[in-house]
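All remarks here apply to the structure that follows.
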Amino acid sequence: MNESPIAPLAFERFLYLADDPQVIEACLQPGAVLPGVSEDIRLRDDISTDEITPVAIMSHYDEKLGEFAYTGVLAGGRTPIARRAVKEAGIQVVVAGNRYGKGSSREHSPAAEKHAGVRLIFARSFERIYRQNADNIGLLTSTDFTLLAQLLAGQSITLEQILQERDELTQAIVRSGGLLNYGKRYLARSRPQAAAAGDKPQTLFEKIIARHVLRTEQTGTDLTPGTGIFLRADWRFIHEYYTGMAAHMLYQSYTAPLQLFDTEKVIAFEDHTSYIHESPAHLRQGLVPNMLRMCQAHRDFVKATGLRWHRTLTEDEARRDDGSNVAGISHAMMAEHYALPGQVVVGTDSHTPHSGALGCVAFGVGTTDMANAFMTGAVRITMPPGILVRLQGTLPAGVAAKDIVLHLLALPQIREGKGVGRVFEFTGAVIDNLSVDERATLTNMCAELGGFTGIVAPDIRTVQFLQERRGVAFELADWMRSDPGATYEQEMTVDCSTLDVLVAAPGDPGNGRPVGSLGETVAIDIAYGGSCTAGKREDFDQYHAVLAWGLQQGLHVAPHVQLYLQYGTTAVRDYCVQKGYDQVFERMGAHILQPSCGACANCGPGSSTDAGQTTISAINRNFPGRSGPGNVWLGSPATVMASALAGHICSFSQLQEQAATGQQPV
């Protein structure tokens, strides 16, 4: 920031992101005179980064982004903010409700806001990654609505007032003009220094952080929650949606050729775009050439810096591949090839906590955080508090890890944002009996819980996973568990014996409800199984179990339903071929897709093409526009397959009951 901490700041144009689209449209009119925020104006809660910057425009990573700010924001069932509208209206301050910036770690969202001319965002609360991304590029944020009232009354405020609710490190970064400037000035001489354990019992998360903390010119090794610190990560990874933006930043801030810190510990993935030529959203908007340029920028950076990389293949390339290409979705690849218990893994994606299932600290960051980590080796975090989640009892037949996390997401305290920025540690009898793949479903979707990360203490199942999947003979250390008496901000106990099969209604993953309580038949047009959350080996075991049963019963995918199954990695694909699953999938009418993020990120077949379509999907989030313009329900792999056979949303047990009584599923 160029402003003095005490210099007065005044703003003239305000945008209320309200439930009522007419309020939004009024704010964009020339000379709009706005009232103060009151009960009469209901601000939109849960605005996701998918809405602030729809994924289809993420091929841009410079000033062009400013044209697209808020073009996906849904209000009153429509998207009232047109391209360039915010920039042309001269909006400087944006006001929203709770949990602003949910979802993806895409820094494109605050960058688009800043390039559109927005300087300050007020929200009742912010998601962790979004707010840190905003800090890193100098976009101001505040939850203090008394400051908003001052501005609306024609008074000025100061940078000091805006920053007073933030920790010291954040304040220093914002005053430095962003993280890259701060890193060049203060992080060159950072060094590892393990935090003293003392006599206080520690959580596993705290123990891992203590072994990776850095001492810098301005930060130490205090691990008190709320304290800003820097870490040395064991692994840093980036994917193609972020690489061009990171390169753009670095070449503006550093002299070429770039000298990255410890390139042996950096991995680049090209995992989102191998089906871009078949992506309805990109084809409709003529964005395929932009996407290809974005991918080329990724490859150019990889070549210039000598990074190791993995690239998913197109259908044609996969047919010609001799089997030597090892690739897949970054999170699954990290678990299959790189992450180990006790390590720190950081990636430019909100679902990086996936690898926490192995007993490591894995978390997502934005582009600037990664660009800084590339050059300095230092990764910024604000030390988070922890939530201990005890999963007790025995899972009923047909209830899976996806149902557990949908249950957690629907809890009032989670919907209110009590999990934002927290570490979710999963323990209990149910965890003891869950496979690593199923544990990864829980840790992966800590992103939807709002969490900093999720973690499961490594055990014999972890050791077996590493040996069987990776050929790694790993020995657990005594310290790799939380100490009795360790401190948590919250503790939750779930009696999993009482859980039902759940689905989440369109609009938010927190809209969970038991399948049996829907009350009406929800017909579907698309069923999709895949993504980092549900493209793992055991997810495909579940897909196969339902479809193989259906084959024995003489069933087939419902005539009006398109079923897509997309492998998470080449290893999962090869496993399914070896087991003969692919033959069952084909006989049942599924479209089988090569590894890629695909429809989950609105990047390929399986996305809806019309607002009237309904999808049941095993992916992790169903924010407006996330997987096309239609309505997306979330469910477990078994629920998605049962629904595909029935033609409407139902659980596998419901489908089996129908078959037992002679009812036709469709």
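In my numbering, the protein residues as written are 390 to 1055.
Here a beta-carbon is modelled for each residue, glycine too, at the ideal position from N, C-alpha and C.
{"Check": "Straight-line gap, Lys596 to Arg804 (C-alpha atoms, nearest Å)", "Outcome": "29 Å"}
{"Check": "Given Val475 as reference, the closest of Asp897, Leu672 and Glu502 once Cα atoms are compared", "Outcome": "Glu502"}
{"Check": "Ala585 to Ala866 span [Cα, whole Å]", "Outcome": "18 Å"}
{"Check": "Local conformation of Met1030 per DSSP, three classes", "Outcome": "helix"}
{"Check": "Three-state secondary structure (DSSP) of Ile770", "Outcome": "strand"}
{"Check": "Residues near Ala894 in its chain [Cβ-Cβ closer than 7 Å; skip 5 each side]", "Outcome": "Asn900, Arg902 and Trp1022"}
{"Check": "Proximity of Val890 and Gly843 at Cβ, strictly below 9 Å", "Outcome": "no"}
{"Check": "Run of the alpha helix (DSSP H) containing Ser719, from where it starts to where it stops", "Outcome": "Ser719 to Met722"}
{"Check": "Alpha-carbon to alpha-carbon, Leu620 and Tyr630", "Outcome": "24 Å"}
{"Check": "Spatial neighbours of Ala464 in its chain, beta-carbon cut-off 7 Å, leaving aside the 5 residues before and after", "Outcome": "Ala407, Asp408, Asp409, Pro410, Ile413 and Arg433"}
{"Check": "Asp758 classed as buried or exposed, judged by whether at least 16 other C-beta atoms fall within 10 angstroms", "Outcome": "buried"}
{"Check": "Touching by the beta-carbon criterion (3+ pairs, under 8 Å), the stretch 528–536 and the stretch 490–510", "Outcome": "yes"}
{"Check": "Beta carbon of Ile718 nearer than 9 Å to that of Cys965", "Outcome": "no"}
{"Check": "Enclosing alpha helix (DSSP H) for Trp938 [first to last residue]", "Outcome": "Arg926 to Gln941"}
{"Check": "Sequence-distant residues of the same chain with beta carbon closer than 8 Å to His449, five excluded per side", "Outcome": "Phe457, His497 and Asn679"}
{"Check": "N-terminal and C-terminal residue of the alpha helix (DSSP H) that Thr1069 is part of", "Outcome": "Nothing about residue 1069 can be reported from this structure: the residues present for the chain run from 390 to 1055 only."}
{"Check": "DSSP-derived helix/strand/coil call for Val845", "Outcome": "strand"}
{"Check": "Within 9 Å, strictly: CB atoms of His699 and Ala724", "Outcome": "no"}
{"Check": "Counted within 10 angstroms of its Cβ, other Cβ atoms place Gly695 as buried (16 or more) or exposed", "Outcome": "exposed"}
{"Check": "Beta-carbon gap between Gly918 and Leu952 smaller than 9 Å", "Outcome": "yes"}
{"Check": "Bridge-paired residues (DSSP) for Lys491", "Outcome": "Ser437"}
{"Check": "Of the listed residues Ala399, Pro801 and Glu975, nearest to Ser545 (C-alpha basis)", "Outcome": "Ala399"}
{"Check": "Limits of the unbroken alpha helix (DSSP H) element including Val825", "Outcome": "Val825 to Asn833"}
{"Check": "Continuous alpha helix (DSSP H) stretch holding Pro801: start and end", "Outcome": "Pro801 to Arg804"}
{"Check": "Other residues of its chain near Thr616: CB distance less than 6 Å, five sequence neighbours each side excluded", "Outcome": "Met772"}
{"Check": "For Phe650, the nearest candidate out of Ser739, Ala760, Ala728 and Ser744 (CA to CA)", "Outcome": "Ala760"}
{"Check": "Residue from Ala988, Thr958 and Tyr932 whose Cα sits closest to the Cα of Ala1033", "Outcome": "Tyr932"}
{"Check": "Option in Thr535, Pro774, Arg495 and Gly492 with minimal Cα separation from Phe511", "Outcome": "Thr535"}
{"Check": "Three-state secondary structure assigned by DSSP to Tyr640", "Outcome": "helix"}
{"Check": "Inter-residue Cα distance where the pair is Gln1052 and Glu1046", "Outcome": "8 Å"}
{"Check": "Contact the stretch 664–673 vs the stretch 996–1016: 3+ CB pairs below 8 Å", "Outcome": "yes"}
{"Check": "Val733 in three-state terms, based on DSSP", "Outcome": "strand"}
{"Check": "Euclidean distance between Cα positions of Val768 and Gly810", "Outcome": "16 Å"}
{"Check": "Test item: CB-CB of Met355 and Leu936 under 9 Å", "Outcome": "Beyond the ends of the chain as shown, which are 390 and 1055, falls residue 355; an answer cannot be given."}
{"Check": "Asp524 and Gln550 closer than 9 Å at C-beta", "Outcome": "no"}
{"Check": "Contact belief for Ile462 with Ile436 at Cβ below 8 Å, rounded distance in angstroms", "Outcome": "Correcting the residue type first, residue 462 is Val in the shown sequence and not Ile. Contact holds; Cβ gap of about 6 Å."}
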